[in-house]
Amino acid sequence: MSRLGGLLRWETAVTALLIVVFAGGAGFSPDFASNDNLSFALDDLSEIALIALPMTLLVVCGQVDLSVASILGLCSALTGRMWDAGMAIETIIPVVLAVGVVCGLVNGLLVTRLGLPSLAVTIGTMTLYRGLAYVTLGTGAISDFPFSYTDLATSSIPGTPIPYPVALFAVLAIATGVVLHATGIGRSLFAIGAQEDAAYFAGIRVKRIKLILFVVSGLVAGFAGIVYTLRYGSARADNGLGLELTVIAAVLLGGVDFDGGKGTLGGVIAAVLLIGLLRNLLMLNDVSTEVQSIVTGLLLIISVLTPRLIAVARETRGRRAGARSAASAAVP
Amino acid sequence: MTIRLRAPRRLAAVATASVLALGLAACGGTTKNDSDSGDAKAAGGNATANPNAPLKKGLKLAFLPKQVNNPYETIVDNAGIEAAKEFEAQAKEVGPSDASASSQVSYINTLIQQRHDAILIAANDANAVCGPLKQAMSKNIKIVAYDSDTNPDCRDVFINQASSEEIGRSEVKVLAEQLGHKGEIAILSATANATNQNTWIKFMKDELAKPEYSKMKLVKVAYGDDDDQKSFQQTQGLLQAYPNLKGIISPTTVGIAAAARYISGSKYKGKVALTGLGTPDQMRKFVKDGTVKEFELWDPKNLGYLAAYAAAALSSGQITGAQGEKFTAGKLGERTIGAGGEVILGPPTVFDAKNIDQYHF
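Residue numbers (my numbering), protein chains in the order written: chain Y, 1 to 332; chain S, 1 to 361.
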């Protein structure tokens with residue numbers, strides 16, 4: 001199956017919109033394109049961007065992980081709890097990452113071994129992990145993290161507006177992009193997302209691949225928990241509440257089909273940047289929070305709706321021409 | 001097939017390795033006990049105050065509440081925005097729609113970019129906002145915390161809505177006047193370890209030790225855990241266990257509302273006095289039906305008003321935030337900065353049947 005599906009490339013449209021927002025923003029408010037502001041805006045996206053990478057792979061594969069923000073919260077709470085107990089941060093980081101892996105493993109096992117839908121499983125673990133976060137740290141906050149680390153999470157590579165967490169994201173994004181678009185495993189993900197049974201009979205180890213994706217998702221969410229904690233210098237159980245929805249919004253806006261089988265990582269990255277820069281621009285122009293969420297919501301609906309409308313339009317035109325069977329152009 | 005088998009492992013390995021590589025990049029065992037938390041006060045350390053400096057005109061102030069659309073915070077901020085007109089400043093309210101710990105941070109960054117003269121903040125998390133606030137201070141933006149303080153390193157002054165001592169003592173005074181300074185009383189508090197309430201109760205006990213209250217006796221401190229049902233039951237329990245009880249003080253908005261609800265539907269209505277800290281909207285019904293004569297809370301309008309004047313005084317160089325400095329806050333008169341850079345709003349406002357309809361929060 002062709003990945004482009006003969007449709008207008010939605011991700012090109014998102015990228016174009018991103019450029020328009022950037023150019024318009026720079027024209028409208030002189031502060032927008034300053035190094036300081038871009039660095040803030042990008043740093044604000046760190047966790048969303050990081051988590052969007054494995055989420056893209058999951059959604060392409062027809063799965064979803066709603067528990068990522070709760071894993072982030074749990075890992076943040078654990079970081080705080082262990083730091084408060086006097087443990088070295090160099091010990092805490094691997095332990096917390098291991099907890100992220102375990103959280104992902106639980107999701108993955110429930111989905112693959114018991115055959116439960118990932119939406120249902122991760123709604124459950126979303127609540128479970130958030131509950132564990134509160135058990136770990138209660139409603140308090142731990143905040144005396146070492147300056148060398150909190151500074152690393154907020155400062156930029158000298159001379160550029162690129163914060164260190166975003167630079168790391170760029171490296172991981174390239175790795176993910178290569179895996180998704182240039183390897184056998186990437187092709188397997190699209191195959192599973194498009195038609196799971198067919199992929200299985202074609203010899204793809206569907207369950208194993210899904211399990212690994214959930215584990216990676218947990219690991220990255222755990223790492224995002226550490227970044228979040230250091231960036232704000234505050235470990236709390238409610239950290240990142242609701243973040244999973246922004247991540248999924250970015251993945252969908254980036255043109256990944258929620259039913260799986262279609263999408264590109266480039267589109268998702270453009271969408272993450274678009275959401276972040278648009279929000280920053282609206283804030284700089286004193287647009288209220290309510291209007292900001294209306295704008296993001298509309299963008300999302302348009303992103304889900306437009307490809308379908310285009311597909312329907314093509315199908316009708318195809319039928320009228322009476323040339324080929326419309327089935328090959330239709331969206332499943 | 002073999003490629004597909006190995007590929008997922010490679011994917012996991014790449015991700016794990018990159019993540020671990022960064023995590024372990026700086027080894028050496030940094031723990032809490034290393035003094036590395038960068039506590040230095042960001043700016044303004046050596047500035048001197050000029051108490052006679054005039055208030056600058058055209059200052060840009062921004063109120064950053066815990067969350068927008070919270071009726072209480074809206075009253076505070078609107079009063080501050082009104083006050084700003086008195087000294088010809090521009091003021092606005094911006095903020096997140098959720099009161100989570102970190103949602104204020106991107107707003108602070110935006111306000112820095114917009115080059116405001118002062119940011120007034122009711123912090124959702126004393127520390128999560130610290131980094132950006134310090135950055136603002138390093139760009140000579142003045143920081144006023146109100147309602148909910150930040151870490152003291154990260155702001156110039158904190159406007160404290162009421163001193164704990166005044167709250168504790170005045171509640172005893174209000175109740176004593178209603179009871180003619182005699183009879184058994186009880187306290188219905190929040191949780192047993194609530195910091196605010198325990199401080200207030202300490203001052204209540206201290207006030208009760210004075211000779212003019214010698215005929216009043218505190219028989220019990222009950223805890224309703226700031227839970228409506230539990231506070232309701234605790235009130236019932238108190239009244240049954242102490243038949244001679246004449247008055248209850250509930251220094252928590254949940255407790256006083258639950259107690260009022262119980263008393264207003266019982267035979268104790270009009271016989272047992274109730275006072276404490278409540279909001280006018282919650283208590284209006286009970287003041288009008290006679291269950292509660294008077295209760296207290298600070299006036300949120302004055303809180304916003306004072307915060308706006310403090311911001312202007314800081315930006316104009318009248319004060320720097322050091323203890324003992326004085327400034328004039330419009331109609332509220334002269335205020336002095338106390339220990340820890342705190343400015344106290346003043347005695348709480350007493351609400352009764354006459355004035356309660358002027359307040360909506």
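Here a beta-carbon is modelled for each residue, glycine too, at the ideal position from N, C-alpha and C.
Residue i (DSSP reduced to helix, strand or coil)
i	result
S/A257	helix
S/N160	strand
S/S250	strand
S/L345	coil
Y/R236	strand
S/Q233	helix
S/A25	Its pLDDT being 47, under 50, S/A25 is placed unreliably in this model, and the coordinates cannot settle the point.
S/I337	coil
Y/P332	Any reading at Y/P332 must be qualified, since the residue scores a pLDDT of 46, below 50, and its modelled position is unreliable; no value is offered.
S/F63	strand
Y/S177	As written in the sequence, residue 177 of chain Y is Gly, which differs from the Ser given in the question. Helix at Y/G177.
S/F361	coil
S/E294	coil
Y/Y228	helix
S/F351	strand
S/I185	strand
Y/L38	helix
S/L55	coil
S/G45	For S/G45, the predicted structure reports a pLDDT of 46, less than 50, and the residue's modelled location is therefore unreliable. A value from the coordinates is still provided. S/G45: coil per DSSP, three-state reduction.
S/K92	strand
S/L332	helix
Cβ neighbours of residue i in the same chain (closer than 6 Å, five flanking residues each side left out)
i	result
S/I363	Outside the displayed span of chain S (1 to 361) sits residue 363 of chain S, for which this structure offers no information.
Y/L119	V64
Y/S34	none
Y/A141	S234 and R236
S/K92	A62
S/R284	I356
Y/S70	M126, Y129 and R130
Y/E244	L66, V68 and A69
S/E325	A49, I319 and I337
Y/T150	L230 and G233
Beta-carbon proximity list for residue i, same chain, < 7 Å, skipping 5 on both sides
i	result
Y/A270	E11, V14, T15, L18 and G254
Y/R279	Q292
Y/V268	A52, T56, A250, V251, G254 and V256
Y/Y228	E47, L72, S76, N239 and G240
S/E165	F203
S/P71	F361
Cut-off 8 Å between Cβ atoms - residues of its own chain near residue i, not counting five sequence neighbours on either side
i	result
S/L314	A118, K142, V144, D156, V157, T320 and G321
Y/N107	D65, S67, S118, V121, T122, T125, F214, S217 and G218
S/Y213	V172, A176, H181 and E207
Endpoints, beta strand (DSSP E) assigned at residue i
i	result
S/G276	A273 to G276
S/E88	S/E88 -> no beta strand (DSSP E), and no H or E assigned at all.
S/V364	Outside the displayed span of chain S (1 to 361) sits residue 364 of chain S, for which this structure offers no information.
Y/G269	Residue identity differs from the one stated: residue 269 of chain Y is Ile in this sequence, not Gly. Taken as a continuous stretch (DSSP letters only), Y/I269 belongs to no beta strand (DSSP E), being part of the alpha helix (DSSP H) at L265 to L284.
S/A118	A118 to I121
Residue i: first and last residue of the uninterrupted alpha helix (DSSP H) it sits in
i	result
S/K285	P280 to K288
Y/A191	G184 to A194
Y/S155	Per DSSP, Y/S155 belongs to no alpha helix (DSSP H) and is neither H nor E.
S/E325	First-last for S/E325: undefined, no H or E at that position.
Y/V21	W10 to F28
S/Y223	Premise fails: S/Y223 lies in the beta strand (DSSP E), M216 to Y223, not in any alpha helix (DSSP H).
Y/A120	S118 to L137
S/Y213	Segment: none, S/Y213 is in no alpha helix (DSSP H) and carries neither H nor E.
Y/A249	L243 to L253
S/G304	P300 to S315
beta-carbon residue i near the ligand MG non-hydrogen atom, thresh 7 Å
i	result
S/S170	Of ligands this structure carries none, so the ligand MG is not represented either.
Next item on the list: Check each residue of the segment 115 to 146 of chain Y: if its Cβ is closer than 8 Å to any Cβ of chain S, include it; give the result in chain order.
Entry: A141, S143, D144, F145 and P146
Next item on the list: With 9 Å as the limit, tell me which residues of the segment 66 to 91 of chain Y have their beta carbon closer than that to any beta carbon of chain S; keep them in chain order.
Entry: W83, D84, A85, G86, M87, A88, I89, E90 and T91
Margin query: As an exercise, report each continuous beta strand (DSSP E) stretch of at least 3 residues that is fully enclosed by the segment 55 to 91 of chain Y, in chain order.
Written below: none
Notebook entry, point to check: the segment 236 to 260 of chain Y: which residues have C-beta closer than 7 Å to a C-beta of chain S, in chain order?
Noted result: R236, D238, N239 and L241
Check: Which residues, in chain order, does the segment 281 to 310 of chain Y contribute to contact with chain S at a C-beta distance below 9 Å?
Finding: M283, L284, D286, S288, T289, E290, Q292 and S293
Note to self: Using a Cβ-Cβ cutoff of 9 Å, what residues of the segment 13 to 37 of chain Y are near chain S? List them in chain order.
What the structure shows: S29, D31, F32, S34, D36 and N37
Checklist line | Interfacial residues, the segment 197 to 228 of chain Y to chain S, with Cβ spacing under 9 Å | finding: G203, I204, R205, R208, I209, L211, I212, L213, V215, V216, L219, V220, G222, F223, I226 and Y228
Next item on the list: Return the residues of the segment 156 to 175 of chain Y that lie within a Cβ-Cβ distance of less than 8 Å from chain S, sorted by chain order.
Entry: L168, V171, L172 and A175
Check: Using a Cβ cut-off of 7 Å, which residues of the segment 110 to 140 of chain S contact any Cβ in chain Y, in chain order?
Finding: T110, Q113, Q114, D125, N127, A128, C130 and G131
Item checked: Proximal residues, the segment 40 to 61 of chain Y versus chain S, C-beta separation under 7 Å -> F40 and D44
Next item on the list: Determine which residues of the segment 88 to 99 of chain S have a Cβ less than 8 Å from any Cβ of chain Y, and write them out in chain order.
Entry: K92, V94, G95, P96, S97 and D98
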